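Enquirer: Numbered by mature numbering (1 follows the signal peptide of the UniProt record, and there is no 0), the letters in the sequence shown go through residues -24 to -1, 1 to 306 in order.
C-beta: ideal position from N, C-alpha, C; glycine also.
Note that this is a predicted model, so its numbers are computed, not measured.
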Amino acid sequence: MIGIKKTMFLFIALASTMIPSVNATSSKTIYQNEVAVLMYHHLANNLHNLKINADTIPTSLFNSQLSYLQQNGFDFITLRQFINYLNGGSVPPNAVLVTFDDGYESFDKLAYPILKSKRIPSVDFVVTSATDNKHFGYIPHMTHQELEQVTADSMTEVQCHTNNLHYLVDKRHDALTAFLKINGKRETMEQYQKRILNDIHLCKQQLEPINHSPIDTFAYPYGIHDQKSENLLHQSDIHYAFTVKDGMATRNTNLMEIPRINGGNPFITAADLKENILMAANPYGKSALIRKAKLFAKQLPHHKSFWVLCFLVLMLIGFKGYKKFQNQRS
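(1) Among the residues of its own chain, which have a CB less than 8 Å from the CB of Asn109, if the five just before and after it don't count?
(2) Between Gly79, Asn9, Ala87 and Met224, which lies nearest to Ala20 when the distance is taken from Cα to Cα?
(3) Would you kindly check if the distance between the Cβ of Val74 and the Cβ of Ile96 is under 8 Å?
(4) Based on Cα-Cα distance, which residue from Glu81, Cys136, Gly64 and Asp100 lies nearest to Phe112?
(5) Among the residues of its own chain, which have a CB less than 6 Å from the CB of Leu249, if the five just before and after it don't count?
(6) CB Leu123 to CB Ile33, shorter than 8 Å?
(7) Pop quiz: Phe38 and Ile90 are said to be a contact at Cβ under 8 Å. What is the actual Cβ separation, rounded to whole angstroms?
(8) In whole angstroms, what is the alpha-carbon distance linking Arg148 and Ile293?
(9) Under 7 Å Cβ to Cβ from Lys296, same chain only, skipping five residues before and after it: list those, please.
(10) Could you compute how far the alpha carbon of Phe243 sits from the alpha carbon of Ala30?
(11) Can you tell me which of the three DSSP states His18 falls into?
(12) Among Ala154, His18 and Val11, which has the Cα closest to the Cα of Pro55?
(13) Would you mind working out which of Thr193, Pro259 and Met255 sits nearest Glu233, comparing C-alpha positions?
(14) Using 8 Å for Cβ pairs, my map puts Leu156 next to Ile172. What's the rounded Cβ distance?
(15) Output needed for Asp129: all residues of its chain with C-beta closer than 8 Å, excluding positions within five of it in sequence on either side, in chain order.
This is the structure:
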């Protein structure tokens, strides 16, 4: 029996040496007929600035993430290649699309030079009312001139992130999905539709002279969306929309609910990002299941049901102990 086990072990070990490493060159196919859409927001050189929000990452980390993916066989594609794929076209194995939300100035100053040096295409979803508006928010946004600069070589596209709907109305709704109050009264469906259609029109109107391709793509603020907002986007000739939901994009993906993988958290290392892509591509693989189990175990103590279960178990143990004590006395 020991001899058989030893032989099997040696066979498995030998076979494993014949399997190409995940860290192989671009010839290694990790996944195919899928696209990993990466999501970023803001970059900063000064680590102190990371206190701005959890979506701000060091420039050096962004650079290392992209370099690591290139070295490990991932192939970066343009937004047009991605759209063509969604409509039946092909993409290379290990395809990745880089997206940014909000149109922050850090994209022009920090991200774009890195992307350009590596010949990596990208798309930035812009809040157009923030363009040339120094009083919009606490993070500077790109100017009209900067938008023209980053789109000049056609490696980067700019698309809609609304004109001025990027704010929360309550915990579940933003200005895109909520019915606002006008003079103390809740707006009607007609007023709501008119407001949304006008906003998207303004967003497209500002970006169309800059972009080299149609303004037909959208990223939902905060990832919040519903059927009525999707319908209005369709009316505005927006045919593709990105969420913040994790996952790979496939040809079966709802074109108005395209998932993305977050790369823009300061705690996501280059190796972590690659692992997150692999888990999204193979959600039922061994490594994905192990990681999900660890995450579940880590989060479990924070669930109320966990403590209720602990209480019931302790009650059961106490009851059995009491019964045993009673039996011993009798």
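Expert: Judging by the given coordinates:
(1) To locate residue 109, count along the sequence shown from 1; it is residue 133. Contacts found: His117.
(2) Taking the sequence shown and counting its residues from 1, the one referred to as residue 20 is at position 44. The candidate whose alpha carbon is nearest that of Ala20 is Ala87.
(3) In the sequence shown, counting from the first residue as 1, residue 96 sits at position 120. In the sequence shown, counting from the first residue as 1, residue 74 sits at position 98. Cβ distance < 8 Å, so Ile96 and Val74 count as in contact.
(4) Mapped onto the sequence shown, residue 112 falls at position 136. Considering only alpha carbons, the answer is Glu81.
(5) Residue mapping note: residue 249 aligns to position 273 of the sequence shown, counting from 1. Excluding positions up to five away in sequence, the list reads Gln41 and Gly239.
(6) Stepping through the sequence shown from its first residue, residue 123 is reached at position 147. Stepping through the sequence shown from its first residue, residue 33 is reached at position 57. Not closer than 8 Å, so no.
(7) As a working mapping, residue 38 is identified with position 62 in the sequence shown. As a working mapping, residue 90 is identified with position 114 in the sequence shown. Confirmed, about 6 Å.
(8) Stepping through the sequence shown from its first residue, residue 148 is reached at position 172. Stepping through the sequence shown from its first residue, residue 293 is reached at position 317. Arg148 and Ile293: Cα-Cα distance of roughly 42 Å.
(9) Residue 296 sits at position 320 when you count from the first residue of the sequence shown. Nothing listed; no residue qualifies.
(10) Reading the sequence shown from its first residue, position 267 is the one you call residue 243. Reading the sequence shown from its first residue, position 54 is the one you call residue 30. Their backbone Cα atoms lie some 9 Å apart in a straight line.
(11) Position 42 of the sequence shown holds residue 18. The answer is strand: DSSP assigns His18 an E or B state.
(12) Looking up residue 55 in the sequence shown gives position 79. In the sequence as presented, Pro is not what sits at residue 55; that position holds Leu. The shortest Cα separation from Leu55 among Ala154, His18 and Val11 belongs to Val11.
(13) Here residue 233 is taken as the residue at index 257 of the sequence shown, counted from 1. It is Thr193 whose Cα lies nearest to the Cα of Glu233.
(14) On the sequence shown, position 180 is the one that residue 156 refers to. On the sequence shown, position 196 is the one that residue 172 refers to. Not really, about 11 Å apart at Cβ, beyond 8 Å.
(15) Taking the first residue of the sequence shown as position 1, residue 129 is located at position 153. So the qualifying residues of the chain are Lys92.
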